[in-house]
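Below: the structure, in structure tokens.
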Amino acid sequence: MTTSAAFVQQLREKSKTWHLLRWIHLANAILCIILTGLLIGVAVDIRSFISNGAALSGFGNYTTFTFPATYVYMLIPAVCALVYSIILFCDPSPSYPAWKPCKTFLGSIGCFSAALFLAALLPVLPGADIMTAPESAMTCTWRDYMSWRIIYNNPEAFPWVVKMDSACQQLRAADAMCWIVFIGWMATLVSYVQRARRTKIIRQDNMVDEKTEDASGRIGS
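Just so you know, we're using the working numbering here: the sequence shown kicks off at 1058 and counts up by one.
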């Protein structure tokens, strides 16, 4: 058996012992990677459009572009959620039956869920973004930056001119993905709350059993 095959086999055996919450964290991490990749793609396409348009228009190295505020607000929670998902995935605590998530931990999961909810909601709210007000950020009115999309409207001669449209499509896809990531984090929060309640009930039952045994021992003695 080769080294890679042995590693895969070992990983399969180890994954059988993973708790359901670790699988949820893994799924959240994968979704956050996709979301972050889409948002990075938006920035790359916009940067390509700005740099090429500036060069042809005689602006030289002028590549200044103010990104929509809702885009920035979506990017920050996406990256933070990705890092936190990876950290939680590496934590084996849920595998221990007696482990109970504390209120601070549940609060952090709730804060991430709320941040992702706002990150997905704000781009579709009219007037939420100053750059596209009174429309929503999903209208992508910033595509007509410096009117270069109209001036150089010849994709065959200027392939970069479609980059703004591509950035807009990726931003819309990112918003849809952000809703999915939010649902994943809400599922995580619900799972941890249920785990906390279940562990609390088990501990209370164990305390009752211990008190009953102590009382029986005293009566017997």
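Beta carbons: idealized from backbone N, C-alpha and C, even for Gly.
(Q) What residue range does the alpha helix (DSSP H) around V1136 cover? (A) A1126 to F1146
Q: To the nearest angstrom, report how far apart L1088 and S1248 are at their CA atoms.
A: 18 Å
Q.
I'd like to know if the stretch 1132-1144 and the stretch 1157-1169 are in contact, where contact means that at least 3 CB-CB pairs between them fall below 8 Å.
A. yes
Q.
Using the three-state DSSP reduction, which class does S1170 fall into: helix, strand or coil?
A. helix
Q: Kindly indicate which three-state DSSP category Y1202 falls into: helix, strand or coil?
A: helix
Q.
As a quick exercise: from I1107, I1208, I1091 and V1099, pick the residue whose alpha carbon is nearest that of W1236.
A. I1091
**Q.** Between the CA atoms of A1171 and R1255 - distance to the nearest angstrom
**A.** 24 Å
Q: Taking T1196 as part of the alpha helix (DSSP H), name the residues at either end of that continuous run.
A: Note, T1196: premise wrong, no alpha helix (DSSP H); not H, not E.
Q: Along the alpha helix (DSSP H) that carries V1219, what are the first and last residues, could you check?
A: Careful: V1219 lies outside any alpha helix (DSSP H) and carries neither H nor E.
Q. In this structure, does DSSP put A1249 in helix, strand or coil?
A. Looking at the sequence itself, residue 1249 is Tyr, so the reference to Ala does not match. Y1249: helix per DSSP, three-state reduction.
Q: Could you say which of Q1227, L1228 and F1162 lies nearest to T1245 if we only look at CA atoms?
A: F1162
Q) Using a threshold of 7 Å, is the CB atom of Y1153 nearer than that to any non-hydrogen atom of the ligand NAP? A) You won't find the ligand NAP in this model; it holds no ligand whatsoever.
Q.
Our contact map puts P1125 next to W1199 with C-beta atoms below 8 Å; I'd like the distance itself, whole angstroms only.
A. 6 Å
Q. Is the stretch 1221-1240 touching the stretch 1189-1205, taking contact as three or more C-beta pairs under 8 Å?
A. yes
Q. With a CB to CB cut of under 7 Å and the five nearest residues on each side skipped, what residues in its chain are close to Y1119?
A. A1111
Q | Residue span of the alpha helix (DSSP H) that contains I1090, given as start and end | A | L1077 to L1113
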